[in-house]
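*Asks:* Have a look at the structure that comes next, please.
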Amino acid sequence: MKKILVLFLALFSFSILYCQDDKSENIKLIFIGDIMQHTPQINSAWNGKNYDYSENFKYLLPLFNYADFVIGNLETTFNGAPYTGYPAFSAPDDLAGALKRASVDILVTANNHSLDKGINGLIRTINVLDSLYINHTGTFKNKIDFQKNHPLIIQKDDIRLAILNYTYGTNALLPTSSIIINLIDTNEIKDDLLLAKSYNPDGIIIYFHWGEEYQRLPNNYQKTLAEFCIKNGAHYIIGSHPHVIQPMIKSIIDTVKNLESIVYYSLGNFISNQRWIHTDGGAIAYLEFTKNKDGLQLSQAGYLLSWTWKKLENNRYKYINLPAWKYDKLANLYPEDMSAMKFFLDSTRVHLNKYNVGIQELYFDEVQNVIKSINMK
């Protein structure tokens with residue numbers, strides 16, 4: 000079981016998130032896609048007394064506990080009641096608690112729904128995350144919050160990584176007052192990368208909210224922006240917003256030092272009510288690093304697939320995120336659900352096998368407590 004400790008260093012104006020355990024010079028990261036809360040999900044969570052999300056993520060807990068840090072895109076706000084789904088999201092605080100119990104450590108909050116409930120909604124969302132010790136970056140209550148969490152520095156042993164988060168926009172709503180939202184601006188990003196480098200990280204990760212909804216291939220803007228960021232010092236890029244999975248590309252950026260960059264253009268939906276073609280599941284990005292005298296080395300990279308089961312039980316739907324590598328051969332799904340899951344898996348694998356470069360599907364072996372290539376299954 001991982002232990003997370005947050006240290007606030009008086010010498011600096013930022014926070015470092017540490018992970019401590021018995022292993023050394025190794026760090027395992029998991030990234031998940033869009034965490035959505037449509038109205039049917041909110042209604043489903045109500046059990047007559049409170050909002051219960053305990054079933055949503057329970058089957059992924061062994062995988063998430065395996066990682067040192069789990070990072071996701073929070074595409075809702077915590078503005079309090081009344082709770083609302085699309086188009087202006089506000090979920091019960093209980094969802095944040097469920098994510099915490101599911102071992103989600105960090106949430107990026109810059110996306111087109113950051114201002115769905117205005118300035119107060121943005122501030123309350125951050126306060127809810129702070130109350131649960133869920134670290135975050137992308138949106139900020141004020142300049143002090145910005146200096147503390149931008150960039151967000153995570154560290155395990157002697158490995159230090161910086162995380163930056165940006166969105167293409169906020170649905171035409173503009174931030175005012177003292178709040179700050181990281182919008183995509185290449186001049187700002189270039190300056191932020193220089194700032195991140197000043198903290199001497201072993202690598203820099205950018206989580207972008209970008210692209211076109213429901214398009215399975217990245218557009219030219221995504222490609223150009225990714226190239227710009229890598230040229231200016233970013234190493235790993237994670238994408239969200241399209242609500243479908245887009246290709247993953249690994250490239251060599253320094254042949255002498257054997258440095259690699261990876262772009263996951265879109266991880267798709269982690270959990271949502273969307274059931275349109277290709278939106279009912281997502282990819283879980285996995286990056287594992289080791290550090291030796293030659294610096295940080297990428298020891299394993301890939302993706303795992305998950306599917307949101309909208310389970311009808313006692314005239315009520317439940318939303319359960321299933322690890323596809325474990326449940327695609329089980330018989331306890333209803334036939335129509337098994338068929339939908341199989342279509343998602345088959346079509347996703349065909350798509351990614353065609354367009355991915357250097358990134359393969361993985362699965363989690365709970366018996367051996369290790370992540371392996373799906374080809375070894």
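With numbering that gives the first Met the number 0, the residue at position 285 of the sequence shown is 284, and numbering never jumps.
For each residue, glycine too, the CB sits at the ideal point set by N, CA and C.
1) On the DSSP letters alone, give me the boundaries of the alpha helix (DSSP H) that residue 226 sits inside.
2) In three-state terms, what does DSSP make of residue 12?
3) Under the three-state reduction of DSSP, which class applies to residue 213: helix, strand or coil?
4) Helix, strand or coil for residue 97? Go by DSSP, reduced to three states.
5) Any idea if residue 185 is buried or exposed, counting beta-carbon neighbours within 10 angstroms, 16 or more meaning buried?
6) Exposed or buried, what is residue 260 when buried is set at 16 or more other beta-carbons lying within 10 Å of its beta-carbon?
7) With DSSP as the reference, identify every bridge partner of residue 260, one or two as the case may be.
8) With DSSP as the reference, label residue 57 as helix, strand or coil.
9) To which residues of the same chain is residue 124 closer than 6 Å at the C-beta, ignoring the five residues directly before and after it?
10) Consult DSSP for residue 350 and reduce its assignment to one of helix, strand or coil.
11) For the alpha helix (DSSP H) holding residue 373, just list the boundary residues, first then last.
12) Use the C-beta contact count for residue 230: other C-beta atoms within 10 angstroms, 16 or more gives buried, fewer gives exposed.
13) Applying the criterion that 16 or more other CB atoms from any shown protein chain within 10 Å of the CB defines a buried residue, is residue 86 buried or exposed?
14) Name the one or two DSSP bridge partners that residue 80 has.
15) Looking only at C-alpha atoms, which of 374, 209, 157 and 341 sits nearest to residue 292?
16) Which residue comes first and which comes last in the beta strand (DSSP E) that contains residue 312?
17) Residue 270 and residue 223 look like a contact to me (Cβ under 8 Å); what is the Cβ gap, rounded to whole Å?
18) Assuming residue 136 and residue 119 are in contact, meaning their beta carbons sit under 8 Å apart, how far apart are those beta carbons, in whole angstroms?
19) Taking 8 Å as the cut-off, is the C-beta of residue 244 nearer than that to any heavy atom in the ligand PLP?
20) Find out if the Cβ-Cβ distance for the pair residue 178, residue 133 is shorter than 9 Å.
21) Roughly how many whole angstroms lie between the Cα atoms of residue 357 and residue 249?
22) Spatial neighbours of residue 200 within its chain, please: C-beta separation below 6 Å, excluding the five flanking residues on both sides.
23) Could you please give me the residues that DSSP links to residue 25 through a beta bridge?
24) Whose C-beta lies closer than 6 Å to the C-beta of residue 287 among residues of the same chain, with five residues either side of it excluded?
25) Along the chain, where does the beta strand (DSSP E) containing residue 315 start, and where does it finish?
26) Would you call the region 40 to 57 and the region 91 to 104 touching, i.e. three or more CB-CB distances under 8 Å?
27) Measure from the alpha carbon of residue 25 to the alpha carbon of each residue in 65, 243 and 73, then state which is nearest.
*Replies:* Reading from the atomic positions:
1) Within the sequence shown, the letter at position 227 stands for residue 226. Here the alpha helix (DSSP H) through residue 226 covers 219 to 230.
2) Along the sequence shown, read from residue 1 onward, the residue named residue 12 stands at position 13. Residue placement at residue 12 is flagged as unreliable, the pLDDT there being 49, under the threshold of 50; the coordinate-derived value follows with that caveat. In the structure shown, residue 12 sits in coil (DSSP, three-state: anything other than H, G, I, E or B).
3) Within the sequence shown, numbered from 1, the residue matching residue 213 stands at position 214. Three-state result, residue 213: coil.
4) The sequence position of residue 97 within the sequence shown is 98, counting from 1. Assignment of residue 97 by DSSP, reduced to helix, strand and coil, places it in the helix class.
5) Along the sequence shown, read from residue 1 onward, the residue named residue 185 stands at position 186. Its Cβ having fewer than 16 others within 10 Å, residue 185 is exposed.
6) On the sequence shown, position 261 is the one that residue 260 refers to. Buried, because 16 or more other Cβ atoms sit within 10 Å of the Cβ of residue 260.
7) One-based indexing of the sequence shown puts residue 260 at position 261. DSSP, once it has assigned bridges, lists 250 as partnering residue 260.
8) Along the sequence shown, read from residue 1 onward, the residue named residue 57 stands at position 58. Helix.
9) Residue 124 sits at position 125 when you count from the first residue of the sequence shown. In its chain, beyond the 5 residues on either side, 76 and 77 have a beta carbon closer than 6 Å to the beta carbon of residue 124.
10) Against the sequence shown, residue 350 aligns to sequence position 351. DSSP places residue 350 in helix when its eight states are reduced to three.
11) Looking up residue 373 in the sequence shown gives position 374. Neither: residue 373 is in no alpha helix (DSSP H) and is coded neither H nor E.
12) The residue labelled residue 230 in the question sits at position 231 within the sequence shown. Within 10 angstroms of the beta-carbon of residue 230 lie fewer than 16 other beta-carbons, which makes it exposed.
13) Here the question's residue 86 lines up with position 87 in the sequence shown. Under this definition residue 86 is an exposed residue.
14) Within the sequence shown, numbered from 1, the residue matching residue 80 stands at position 81. DSSP, once it has assigned bridges, lists no residue as partnering residue 80.
15) Mapped onto the sequence shown, residue 292 falls at position 293. Residue 157 is the option with its Cα nearest to residue 292.
16) Sequence index remark: in the sequence shown, residue 312 carries index 313 (1-based). Counting along the chain, residue 312 sits inside the beta strand (DSSP E) bounded by residues 294 to 312.
17) Against the sequence shown, residue 270 aligns to sequence position 271. Against the sequence shown, residue 223 aligns to sequence position 224. Actually they do not touch by this definition, with Cβ atoms about 30 Å apart.
18) One-based indexing of the sequence shown puts residue 136 at position 137. One-based indexing of the sequence shown puts residue 119 at position 120. About 20 Å separates the beta carbons of residue 136 and residue 119, which is beyond the 8 Å limit, so they are not a contact pair.
19) As far as ligands go, the structure on display features none, and thus does not contain the ligand PLP.
20) Translated into positions along the sequence shown, residue 178 becomes position 179. Translated into positions along the sequence shown, residue 133 becomes position 134. No, they are not a contact pair.
21) Position 358 of the sequence shown, counting from 1, holds the residue named residue 357. Position 250 of the sequence shown, counting from 1, holds the residue named residue 249. Here the alpha carbons of residue 249 and residue 357 stand approximately 5 Å from one another.
22) Start at 1 with the first residue of the sequence shown, and residue 200 comes out as number 201. If we look at residue 200 and ignore the five residues flanking it on each side, its Cβ neighbours are 159, 160 and 161.
23) Position 26 of the sequence shown, counting from 1, holds the residue named residue 25. Per DSSP, 289.
24) Against the sequence shown, residue 287 aligns to sequence position 288. Short of 6 Å from the beta carbon of residue 287, and not among the five residues preceding or following it, lie these beta carbons of its own chain, in chain order: 27, 298 and 299.
25) For the purposes of this step, residue 315 is taken as the residue at position 316 of the sequence shown. 315 to 322 is the extent of the beta strand (DSSP E) around residue 315.
26) Flag = yes, the region 40 to 57 and the region 91 to 104 touch.
27) Counting from 1 along the sequence shown, the entry for residue 25 is found at position 26. 65 is the residue among 65, 243 and 73 whose C-alpha sits nearest the C-alpha of residue 25.
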